[in-house]
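Under the working numbering, think of the first position of the sequence shown as 80, with each following residue one higher.
Every residue, glycine too, gets a C-beta built ideally from N, C-alpha and C.
From a predicted model like this one, the values you see are computed outputs, not experimental measurements.
Quick notes on the structure that follows.
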Amino acid sequence: MIQDELKKAVARAAIAHVVEGEIVGVGTGSTANCFIDELAAIRDRIRGAVASSVATRKRLEGYGIVVFELNDVEYLPVYVDGADEINTSMQMIKGGGGALTREKIVAAVAQKFVCIADASKLVPKLGTFPLPVEVIPMALGHVRRELARIGGKPLWREGFVTDNGNLIVDLGGLAIVDAVELETRINQIVGVVSNGLFACRPADVCLLGTAAGVKTLTAD
Ligand code: 5RP
Numbered sequence: 080m081i082q083d084e085l086k087k088a089v090a091r092a093a094i095a096h097v098v099e100g101e102i103v104g105v106g107t108g109s110t111a112n113c114f115i116d117e118l119a120a121i122r123d124r125i126r127g128a129v130a131s132s133v134a135t136r137k138r139l140e141g142y143g144i145v146v147f148e149l150n151d152v153e154y155l156p157v158y159v160d161g162a163d164e165i166n167t168s169m170q171m172i173k174g175g176g177g178a179l180t181r182e183k184i185v186a187a188v189a190q191k192f193v194c195i196a197d198a199s200k201l202v203p204k205l206g207t208f209p210l211p212v213e214v215i216p217m218a219l220g221h222v223r224r225e226l227a228r229i230g231g232k233p234l235w236r237e238g239f240v241t242d243n244g245n246l247i248v249d250l251g252g253l254a255i256v257d258a259v260e261l262e263t264r265i266n267q268i269v270g271v272v273s274n275g276l277f278a279c280r281p282a283d284v285c286l287l288g289t290a291a292g293v294k295t296l297t298a299d
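Here it is as structure tokens:
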């Protein structure tokens, strides 16, 4: 099965996790877009959605799905989003699309994080995918130097500006042993807004698209 079909399959499977009559948190990226396409078919059975990016908001609104501001939402039973990498502990690297900070905020509010991913995203060890770090523009030089001290190779994603008006540095060449420690450590660097490690708040479940069908994974 080609990757796009796997993405559509996990997006369809994620609909079973949407709670009727409630608001659903929606991630960003090509897999999340497939989920939005599926959500459109049941839009009359949900109150609406919270978007993790401007692009996601536009796609949801294009289907006539009501989009709430997160600050107006007190209860968010589920958040559905893709990942760039996920391990068997349900820890992820996210932010390939640069929406990591808003994704992390919506995930923090949600009761349940459902990760939807094709089989290529499941890795034995996180870190082959360069770790995105969102940075306040005036701190770019400082943050790059501090990230280099951690041991990786920081590369500024030139020309890219996040929905929050910030910059992204992609930290490559990492051998991530303790993802919780690394997530916490990078967040301590002054000028870092957040980083794409989702280890302190991992996914609760991963719907993994494989040639043999959609597998449901939880932390080992
Ligand atoms: C965007 C993300 C995405 O979830 C991640 O990049 C995966 O995207 P895709 O589903 O297109 O592979 O974190 O910031």
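* Assuming S131 and D160 make a contact with CB atoms under 8 angstroms, what is their CB distance in whole Å? -> Here residue 131 is taken as the residue at index 52 of the sequence shown, counted from 1. Here residue 160 is taken as the residue at index 81 of the sequence shown, counted from 1. Right, their Cβ atoms sit about 7 angstroms apart.
* Asked: Going by other Cβ atoms of all chains shown within 10 Å of its Cβ, with 16 needed for buried, is T297 buried or exposed?
  -> On the sequence shown, position 218 is the one that residue 297 refers to. Burial call: exposed.
* Asked: From I144 to N150, what does the alpha carbon distance come to, in whole angstroms?
  -> Here residue 144 refers to the residue found at position 65 of the sequence shown. Here residue 150 refers to the residue found at position 71 of the sequence shown. Going from the Cα of I144 to the Cα of N150 covers about 18 angstroms.
* Outcome for T167 when other beta-carbon atoms lying within 10 angstroms are tallied against a minimum of 16 -> Here residue 167 refers to the residue found at position 88 when the sequence shown is read from its first residue. By the C-beta density criterion, T167 is exposed, having fewer than 16 other C-beta atoms within 10 angstroms.
* Within the present structure, is the beta-carbon of S273 separated from the nearest heavy atom of ligand 1 by less than 7 angstroms? -> By one-based count along the sequence shown, residue 273 stands at place 194. S273 Cβ: outside cutoff for every heavy atom of ligand 1.
* Exposed or buried, what is K183 when buried is set at 16 or more other beta-carbons lying within 10 Å of its beta-carbon? -> Walking along the sequence shown from the start, residue 183 turns up at place 104. Label assigned to K183: buried.
* Using 10 angstroms around the beta-carbon of M217, count the other beta-carbons present and answer buried if the total reaches 16, otherwise exposed. => Against the sequence shown, residue 217 aligns to sequence position 138. M217 comes out exposed.
* In chain order, each beta strand (DSSP E) run of at least 3 residues that lies wholly inside the segment 133-181 -> Whole beta strand (DSSP E) segments, 3+ residues: 157-160.
* **Within the segment 172-233, ranges of the beta strand (DSSP E) (whole runs, at least 3 residues)** => Listed in chain order, they are 191-197, 210-214.
* Please look up how many angstroms separate the CB atoms of V214 and V157, rounded, as I've assumed it's under 8 angstroms. => The count along the sequence shown starts at 1 and reaches residue 214 at position 135. The count along the sequence shown starts at 1 and reaches residue 157 at position 78. About 30 angstroms separates the two Cβ atoms, so there is no contact after all.
* Asked: Between which two residues does the alpha helix (DSSP H) carrying L118 extend?
  -> As a first step, residue 118 must be located in the sequence shown, where it is residue number 39. Looking at the DSSP string, the run of the alpha helix (DSSP H) that includes L118 is 109-119.
* Asked: Quick one: does the C-beta of G108 sit closer than 7 angstroms to a heavy atom of ligand 1?
  -> Here residue 108 refers to the residue found at position 29 when the sequence shown is read from its first residue. G108 Cβ: within cutoff of ligand 1.
* Asked: Going along the chain, which residues of its own chain have a beta-carbon closer than 7 angstroms to the beta-carbon of A254, five neighbours each way excluded?
  -> Walking along the sequence shown from the start, residue 254 turns up at place 175. Same-chain partners within the cutoff: G206.
* Unbroken beta strand (DSSP E) run spanning I102, endpoints -> On the sequence shown, residue 102 is found 23 positions in, with the first residue counted as 1. Per DSSP, I102 is one residue of the beta strand (DSSP E) stretching across 102-105.
* Boundaries (first-last residue) of the beta strand (DSSP E) holding I247 -> What you label residue 247 is simply residue 168 of the sequence shown in a count that begins at 1. Start and end: 246-251.
* Return the Cβ separation of I172 and G244 in integer angstroms, given the expectation that the two are a contact with Cβ distance under 8 angstroms. => Within the sequence shown, residue 172 is the residue found at index 93, counting from 1. Within the sequence shown, residue 244 is the residue found at index 165, counting from 1. That pair is no contact at about 23 angstroms.
* Asked: If we ignore side chains and look at the alpha-carbon of each, how far apart do C285 and K191 end up?
  -> Here residue 285 refers to the residue found at position 206 of the sequence shown. Here residue 191 refers to the residue found at position 112 of the sequence shown. Linking C285 to K191 through their CA atoms gives a straight-line distance of about 11 angstroms.
* Measuring from the CB of L179, is there a heavy atom of ligand 1 at a distance below 7 angstroms? -> Translated into positions along the sequence shown, residue 179 becomes position 100. Yes.
* Asked: According to the Cβ coordinates, are L234 and G251 closer than 8 angstroms?
  -> Here residue 234 refers to the residue found at position 155 of the sequence shown. Here residue 251 refers to the residue found at position 172 of the sequence shown. With a cutoff of 8 angstroms on beta-carbon distance, L234 and G251 are scored as near each other.
* Nearest to G100 (by Cα), restricted to the options E140, A92, L118, R280 -> Translated into positions along the sequence shown, residue 100 becomes position 21. Nearest Cα to G100 within the set E140, A92, L118, R280: L118.
* Tell me, please, which residues DSSP counts as bridged to C285. => Counted from its first residue, the sequence shown places residue 285 at position 206. The partner list for C285 (beta bridge, DSSP) reads C194, L296.
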